[in-house]
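Respectively, the protein sequence lines represent chains S and A. Each residue of the first sequence is one higher than the one before, starting from 6 at the first, in my numbering. Each residue of the second sequence is one higher than the one before, starting from 2 at the first, in my numbering. For every residue, glycine included, the Cβ atom is placed at its ideal position computed from N, Cα and C. As the structure is a prediction and not an experimental result, all values here were calculated from the model. For reference, the structure is listed below as structure tokens.
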Amino acid sequence: MINEENDFRKLDLTVGDVFSKDARLKARNVNVFYGNNKAIDNVTIDIGNKEVISFIGPSGCGKSTFLRCFNRMNDTIDTCRVEGKITLEDENIYDRKIDVVPLRARIGMVFQKPNPFPKSIYDNVAYGPRIHGLCENKDHLDGIVEQSLKRAGLWEEVNDRLLSAGTGLSGGQQQRLCIARAIAVSPEVILMDEPCSALDPIATAKIEELIHELGNEYSIVIVTHSMQQAARVSKRTAYFHLGKLIEVGKTKNIFTRPKHSQTEAYISGKIG
Amino acid sequence: MTNKLINPTRASEIVKNSIAKRRAKDNRLKLYGRIAIGFAVCFLIFLFSSIFIKGYPGFFQYYVTLDINFDRERIDPQGDLSDNSLFNGEASKIVNEALFTIIDPKGRKAKKQAKKMVSSGKDVRLTNLVKSNPNLFGTISSVKFALDDDIDSFLRGYIKRETPESERRISDQIIKFVDKLDKEGRISYEFSDYILNGSASGNPEMAGIKGAFFGSILTLSVCLLIAFPLGVATAVYLEEVAKKNKITELIEVNINNLAAVPSVVFGIMGLAIFISIFGMPRSIPLVGGMVLALMTLPTIIISSRAAIRAVPPSVRDAAYGIGASKLQVIFHHVIPLAMPGMLTGTIIGMAQALGETAPLLMIGMVAFIVDVPNSVMDPGTVLPVQIFMWADFAERMFIQKTSAAIIILLGFLISMNAFAIYLRKKLERRW
């Protein structure tokens, strides 16, 4: 076994505990470029098992870009290039042998804007299991859909209209539908890219509650603009600034006793 | 530093003063728009009414009713109703005799002229009649025959009685005969059964669009079957699969250029490639369809790409995010959502193809073909080419037939578009 501490180049900036004892995802010296622009600069961090971690930072600091590295969503952008190593259970997901399809089935994603398919609620949730062949028969699929919707806290609201349009739901319901869709393929990690930024406070509260519950089952990485939200839902917090990971630590510590001056400036409202 | 900002009261005064001017500008723009639309509508109304008024009589023609003695011995000498037997029969002679009993021509010259009064399709009409209804044998029944196109034009008033005989297309003798027929109430103006059921013919009273109509359908089917899948596949590849680089850029520029290439060039290309190199027969709808497919491809590709680009990226993200492969994203999400737009482009392309003449002239679809094409390998022609050919003929009656054919072409076009709109509405997701 390679020594964790020597596995990557010395970090020149990040302070705090980037490593996790029970890590599910490990990012090592990740650089991301858009053309010639460096968007992410040498970031190393662990995502723990069944841990809710939030990425915070001012707009344009690269937190979303970094999040999209974990399920290789950046592959869909032609000009984007990722360097470094991200491992999921000791397997480099950027390895040539790795196929993104099973990877994305293991690492689900919820986007900033609720984006249900223009299909029925049922088909939205059933889509993942269908394409991955996770269901044996119709009854099994029905069960998957029901359980996913229940876990996403949406079942009570929609069980009488599963065949109506997913896009006809309210914003908060749509976002929970997207979460149900992600859950339906039984991922290990769920990435959430500012899932509440398009929602009102009540819908936000529901999603946050949901994230809290789901944290017992999945590793969740949530990018958020709201420091309060990070404080409410996550155990660990990572602060990004201009493409660099500045500080990682227990959420409590980050918000009460930040070690880095930039983190302090951000959480006290001086920048961002 | 001096204050460059104007004080609020002064500013509001300036704004107030300029309001009237701005309103006037707005109104002027509105007025111009209305004038433009008014002009366009006027032109449209003028165009359609003129086509309709000119073309409407083309659907009708003059018939003469004759009492025919259905003598089996003479019409069907072998008695088996075979084409051979009917051909050897004396069908046209019988028709002439029936005519002569009414107008009673004196002398050889008058008889010769009288024979030409009834359209030369009379024997075919008679034999077809007995073929479909053999019970007619042994009876004397009245049958309607088309009158010759010159008499038709005379009855419509295009050929004037006052014109001296030497400058008229029909003689005084024939006018006398026509008057006689008319007095006996044997001449009728009726819906033409030739315009829809007839094919190309040198006799304008017998000319119809059936052959061209089926030619058009076959040609367009070939065109659609080639151009639609090819166009959609190209658009999907360029938008969803291909990397954006110099090569795809070059392809894109060339596709856009192709859309602007005059259609006759495609015809020359079709002639050079399909007919000269591959040795395919001339005048067949297959080649016509392929040439038109080449012509419509750019239109379909461009509009399909626009439709694909209009699919919200969030849908793609959602599908990729859940682990759909590229193929699944394309077939489950992108194509269904882009389909209405793709269909619109296809219909525009098809409408263009339907009205296209020039490239088809190049590959010989302008030939004079009497038979209705049964397959894409049979020589045929298409509606616009038929119209083009008729417009070229000297006989007065072809003018009406041309206008009638234009109305049919327009009707074809409108029903095609209506079908497309229906299809699009059906495919369009309601959510």
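Assigned exposure category for residue i - 16 Cβ within 10 Å defines buried
i, result
"residue 428 of chain A", "exposed"
"residue 357 of chain A", "buried"
"residue 266 of chain S", "exposed"
"residue 181 of chain S", "buried"
"residue 221 of chain S", "exposed"
"residue 7 of chain A", "exposed"
"residue 120 of chain S", "buried"
"residue 83 of chain S", "exposed"
"residue 290 of chain A", "buried"
"residue 276 of chain S", "exposed"
"residue 279 of chain A", "exposed"
"residue 262 of chain A", "exposed"
"residue 1 of chain A", "The requested residue 1 of chain A is not part of the displayed model; chain A covers only 2 to 432."
"residue 47 of chain S", "buried"
"residue 159 of chain S", "buried"
"residue 131 of chain A", "buried"
"residue 79 of chain S", "buried"
"residue 12 of chain S", "Any reading at residue 12 of chain S is ruled out, since the residue's pLDDT is 46, under 50, leaving its predicted position unreliable."
"residue 193 of chain A", "buried"
"residue 11 of chain A", "exposed"
"residue 92 of chain A", "buried"
"residue 22 of chain A", "exposed"
Under 9 Å from the C-beta of residue i: neighbouring residues of chain S
i, result
"residue 244 of chain A", "83"
"residue 338 of chain A", "123"
"residue 401 of chain A", "Correct list: empty, because the minimum Cβ distance to chain S is about 52 Å."
Contacts that residue i makes with chain A (C-beta to C-beta distance below 9 Å)
i, result
"residue 78 of chain S", "318, 321, 322"
"residue 133 of chain S", "323, 324, 325"
"residue 190 of chain S", "323, 324"
Proximal residues of chain A, C-beta to C-beta of residue i below 8 Å
i, result
"residue 120 of chain S", "313, 315, 316, 318, 319"
"residue 187 of chain S", "322, 323"
"residue 38 of chain S", "Residues of chain A passing the Cβ test: none, with the nearest at roughly 17 Å."
"residue 110 of chain S", "323, 324"
Neighbouring residues, chain A, relative to residue i (Cβ below 7 Å)
i, result
"residue 176 of chain S", "Near residue 176 of chain S there are no residues of chain A at all, since even the closest Cβ is about 13 Å away, more than 7 Å."
"residue 106 of chain S", "324, 326"
"residue 114 of chain S", "322"
Cβ distance (whole Å) where residue i is taken to contact residue j below 8 Å
i, j, result
"residue 130 of chain S", "residue 189 of chain S", "5 Å"
"residue 312 of chain A", "residue 335 of chain A", "5 Å"
"residue 370 of chain A", "residue 212 of chain A", "6 Å"
"residue 224 of chain S", "residue 53 of chain S", "7 Å"
"residue 286 of chain A", "residue 381 of chain A", "5 Å"
"residue 75 of chain S", "residue 319 of chain A", "The pair is not a contact, with the Cβ atoms about 17 Å apart (cut-off 8 Å)."
"residue 169 of chain S", "residue 126 of chain S", "6 Å"
"residue 68 of chain A", "residue 141 of chain A", "6 Å"
"residue 36 of chain S", "residue 45 of chain S", "6 Å"
"residue 260 of chain A", "residue 300 of chain A", "6 Å"
"residue 410 of chain A", "residue 384 of chain A", "5 Å"
"residue 200 of chain A", "residue 372 of chain A", "7 Å"
7 Å Cβ cut-off: residues of chain S touching residue i
i, result
"residue 329 of chain A", "136"
Item checked: beta strand (DSSP E) segments (min. 3 residues) lying fully within the region 232-314 of chain A -> none
Check: In chain order, which alpha helix (DSSP H) runs of at least 4 residues are fully inside the region 40-87 of chain A?
Finding: Correct list: 73-76.
Margin query: Between the region 100-110 of chain A and the region 158-170 of chain A, can you find at least three pairs of beta-carbon atoms closer than 8 Å?
Written below: They do not touch, by the three-pair rule.
Note to self: Threshold first: 4 residues or longer. Then list the alpha helix (DSSP H) segments lying entirely within the region 202-274 of chain S, N to C.
What the structure shows: At a cut-off of 4 residues, the continuous stretches assigned as alpha helix (DSSP H) that sit fully inside the region 202-274 of chain S are 206-219, 232-238, 256-261, 266-272.
Notebook entry, point to check: Which residue spans inside the region 94-134 of chain A form an unbroken alpha helix (DSSP H) run of at least 4?
Noted result: 108-116, 123-133
Checklist line | Cβ contact check for the region 139-155 of chain S and the region 213-220 of chain S: 3 or more pairs under 8 Å | finding: no
Checklist line | Touching by the beta-carbon criterion (3+ pairs, under 8 Å), the region 52-62 of chain S and the region 7-18 of chain A | finding: no
Checklist line | Contact the region 199-206 of chain S vs the region 81-97 of chain S: 3+ CB pairs below 8 Å | finding: The region 199-206 of chain S and the region 81-97 of chain S do not touch, with fewer than 3 CB-CB distances between them shorter than 8 Å.
Notebook entry, point to check: Using 8 Å as the threshold, is the region 131-141 of chain S in touch with the region 168-181 of chain S, meaning 3 or more CB pairs across them?
Noted result: Touching, no, given that fewer than three Cβ pairs across the two stretches are closer than 8 Å.
Next item on the list: Please list the segments of the beta strand (DSSP E) lying wholly inside the region 158-198 of chain S, counting only runs of 3 or more residues, in order along the chain.
Entry: 194-198
Next item on the list: Decide if the region 21-31 of chain A is in contact with the region 125-135 of chain A; the criterion is three or more beta carbon pairs, one per stretch, under 8 Å apart.
Entry: By the Cβ criterion, the region 21-31 of chain A is not in contact with the region 125-135 of chain A, since fewer than three pairs of Cβ atoms, one from each stretch, lie closer than 8 Å.
Item checked: Completely contained alpha helix (DSSP H) runs for the region 367-414 of chain A, where each covers 4 or more residues -> 384-393
Checklist line | Cβ pair count under 8 Å reaching 3, the region 319-330 of chain A against the region 221-231 of chain A | finding: no
Notebook entry, point to check: So does the region 80-99 of chain A actually touch the region 170-186 of chain A, counting three or more Cβ pairs closer than 8 Å?
Noted result: no
Next item on the list: Mind listing, in chain order, the continuous alpha helix (DSSP H) runs of no fewer than 4 residues lying wholly within the region 26-84 of chain S?
Entry: 68-72
Note to self: Three or more C-beta pairs under 8 Å: does that hold for the region 110-120 of chain S against the region 343-358 of chain A?
What the structure shows: no
Note to self: Just to confirm the assignment: which complete beta strand (DSSP E) runs, minimum length 3, are found wholly within the region 150-206 of chain A?
What the structure shows: Entirely contained in the region 150-206 of chain A, the beta strand (DSSP E) runs reaching 3 residues are, in chain order, 188-192.
Margin query: Within 8 Å, do at least three Cβ pairs link the region 186-205 of chain A to the region 55-68 of chain A?
Written below: yes
Next item on the list: Pair every Cβ in the region 255-263 of chain S with every Cβ in the region 235-246 of chain S, then say whether three or more of these pairs are closer than 8 Å.
Entry: yes
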